[in-house]
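Report on the structure given below.
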Amino acid sequence: QQQVKQSPQSLIVQKGGISIINCAYENTAFDYFPWYQQFPGKGPALLIAIRPDVSEKKEGRFTISFNKSAKQFSLHIMDSQPGDSATYFCAALRGSSNTGKLIFGQGTTLQVKP
Amino acid sequence: GAVVSQHPSWVICKSGTSVKIECRSLDFQATTMFWYRQFPKQSLMLMATSNEGSKATYEQGVEKDKFLINHASLTLSTLTVTSAHPEDSSFYICSASRGGKGSNQPQHFGDGTRLSIL
Numbered sequence: 001q002q003q004v005k006q007s008p009q010s011l012i013v014q015k016g017g018i019s020i021i022n023c024a025y026e027n028t029a030f031d032y033f034p035w036y037q038q039f040p041g042k043g044p045a046l047l048i049a050i051r052p053d054v055s056e057k058k059e060g061r062f063t064i065s066f067n068k069s070a071k072q073f074s075l076h077i078m079d080s081q082p083g084d085s086a087t088y089f090c091a092a093l094r095g096s097s098n099t100g101k102l103i104f105g106q107g108t109t110l111q112v113k114p
Numbered sequence: 115g116a117v118v119s120q121h122p123s124w125v126i127c128k129s130g131t132s133v134k135i136e137c138r139s140l141d142f143q144a145t146t147m148f149w150y151r152q153f154p155k156q157s158l159m160l161m162a163t164s165n166e167g168s169k170a171t172y173e174q175g176v177e178k179d180k181f182l183i184n185h186a187s188l189t190l191s192t193l194t195v196t197s198a199h200p201e202d203s204s205f206y207i208c209s210a211s212r213g214g215k216g217s218n219q220p221q222h223f224g225d226g227t228r229l230s231i232l
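Just so you know, the protein sequences line up as chains B and X, in that order. 1 is the number of the first residue of the first sequence in the working numbering; add one for each residue after it. 115 is the number of the first residue of the second sequence in the working numbering; add one for each residue after it.
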């Protein structure tokens with residue numbers, strides 16, 4: 001019940017295309033869902049995050065869609081660029097806990113071809 | 115944005131050596147810091163959670179005597195890998211959060227330390 005399942009494992013998109021990464025969770029107590037971007041040899045960087053009281057959040061070319069009833073959320077990268085090539089992790093957090101522990105998905109390696 | 119500095123970025127040492135990794139939050143007070151381990155092409159595996167001034171909480175299967183964590187101030191946590199062996203070679207990443215019960219404070223990550231044990 002603590003898992004976050006992420007798909008696909010890898011994704012190849014042409015420049016200008018839309019990249020879509022999906023995550024599903026089981027624990028309905030999760031109430032904070034961030035996405036992280038990680039480049040090789042670097043730590044993850046917070047990209048965008050959403051709380052379950054909204055169904056969509058957009059920041060520039062990045063959009064999170066959230067479906068509370070289906071317990072799913074996804075990251076959409078519009079107009080994908082070669083510089084977006086990285087590994088993306090979704091995560092979930094139960095804010096009411098006092099641990100602050102993030103549960104990470106398995107990661108998606110995105111390659112954007114020029 | 116919040117900045118977390120991790121040092122060193124890369125270390126190579128002989129088997130049996132102890133290695134200390136530092137994690138500093140540069141522009142905010144980190145009530146909680148986390149230490150992760152990441153193998154190639156895999157997700158982050160949480161090793162332990164540390165709160166300033168108290169003992170770290172280790173995840174199941176992580177040897178607390180092997181991986182010593184100290185969170186002496188609101189801006190600094192250290193991870194010491196004691197008597198390191200080749201199987202301890204990995205990418206270690208820290209993160210820091212303003213924390214607090216009931217809050218959804220984001221975690222901000224350092225750039226990791228590549229540890230290679232010969």
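Glycine residues also receive a C-beta, built at the ideal position from the N, C-alpha and C atoms. All figures in this text were calculated on a predicted structure; none of them were measured in a lab.
N-terminal and C-terminal residue of the beta strand (DSSP E) that residue i is part of
i       : result
R138(X) : 133 to 139
T63(B)  : 62 to 67
H121(X) : 118 to 121
E56(B)  : 56 to 59
Q72(B)  : 72 to 77
R228(X) : 227 to 231
K113(B) : 108 to 113
F104(B) : 102 to 104
S10(B)  : 10 to 14
V176(X) : From DSSP, V176(X) is part of no beta strand (DSSP E); its letter is neither H nor E.
For residue i, the three-state DSSP class (helix, strand or coil)
i       : result
T189(X) : coil
G216(X) : Bear in mind that the predicted position of G216(X) carries a pLDDT of just 48, short of 50, making it too unreliable to give a figure here.
Beta-bridge pairing of residue i - partner residues as DSSP gives them
i       : result
V4(B)   : Y25(B)
Q37(B)  : A45(B), Y88(B)
H199(X) : According to DSSP, which records beta bridges pairwise, H199(X) is partnered with nothing at all.
M147(X) : S164(X), A210(X)
S19(B)  : I77(B)
S204(X) : L229(X)
Q156(X) : Answer by DSSP bridge pairing: none, since Q156(X) is not bridged.
F106(X) : There is simply no residue 106(X) to check, as chain X begins at 115 and stops at 232 in what is shown.
Residue i Cβ short of 7 Å to the ligand FAD heavy atom set
i      : result
D79(B) : Ligands in the displayed structure: none, and consequently the ligand FAD is not present.
(message) Please identify, using Cβ separations under 8 Å, the residues of the region 153 to 167 of chain X that lie next to chain B, in order along the chain.
(response) Here the close residues are K155, Q156, S157, L158, L160, T163.
(request) Count the C-beta pairs between the region 181 to 196 of chain X and the region 138 to 152 of chain X that are closer than 8 Å, then say yes if the count reaches three, no if not. (result) The region 181 to 196 of chain X is in contact with the region 138 to 152 of chain X.
(request) Evaluate contact between the region 12 to 27 of chain B and the region 118 to 128 of chain X, counting only Cβ atoms and requiring at least three cross-stretch pairs below 8 Å. (result) No, because fewer than three Cβ pairs between the region 12 to 27 of chain B and the region 118 to 128 of chain X fall closer than 8 Å, the two stretches do not touch.
(message) With three or more beta-carbon pairs closer than 8 Å as the criterion, would you say the region 160 to 174 of chain X touches the region 125 to 135 of chain X?
(response) No: fewer than three Cβ pairs fall under 8 Å.
(request) Specify whether the region 192 to 207 of chain X and the region 150 to 157 of chain X touch according to this definition: at least 3 beta carbon pairs, one from each stretch, less than 8 Å apart. (result) Counting Cβ pairs under 8 Å, three or more are found: they touch.
(request) Could you please tell me which residues of the region 25 to 47 of chain B, in chain order, have their CB closer than 8 Å to any CB of chain X? (result) Cβ contacts with chain X: D31, Y32, P34, Y36, G41, K42, G43, P44, A45, L46.
(request) Check whether the region 22 to 39 of chain B touches the region 76 to 94 of chain B, counting contact only when three or more Cβ pairs, one atom from each stretch, lie closer than 8 Å. (result) The region 22 to 39 of chain B vs the region 76 to 94 of chain B: in contact.
(request) Would you list, in chain order, the members of the region 43 to 73 of chain B that have their beta-carbon closer than 8 Å to a beta-carbon of chain X? (result) The region 43 to 73 of chain B vs chain X, Cβ under 8 Å: G43, P44, A45, L46, A49, R51.
(message) Three or more C-beta pairs under 8 Å: does that hold for the region 43 to 56 of chain B against the region 4 to 13 of chain B?
(response) Counting Cβ pairs under 8 Å, fewer than three are found: no touch.
(request) Tell me, please, whether the region 59 to 68 of chain B touches the region 98 to 112 of chain B by the rule of three or more beta-carbon pairs shorter than 8 Å. (result) Between the region 59 to 68 of chain B and the region 98 to 112 of chain B there are fewer than three inter-stretch CB-CB distances shorter than 8 Å, so the stretches are not counted as touching.
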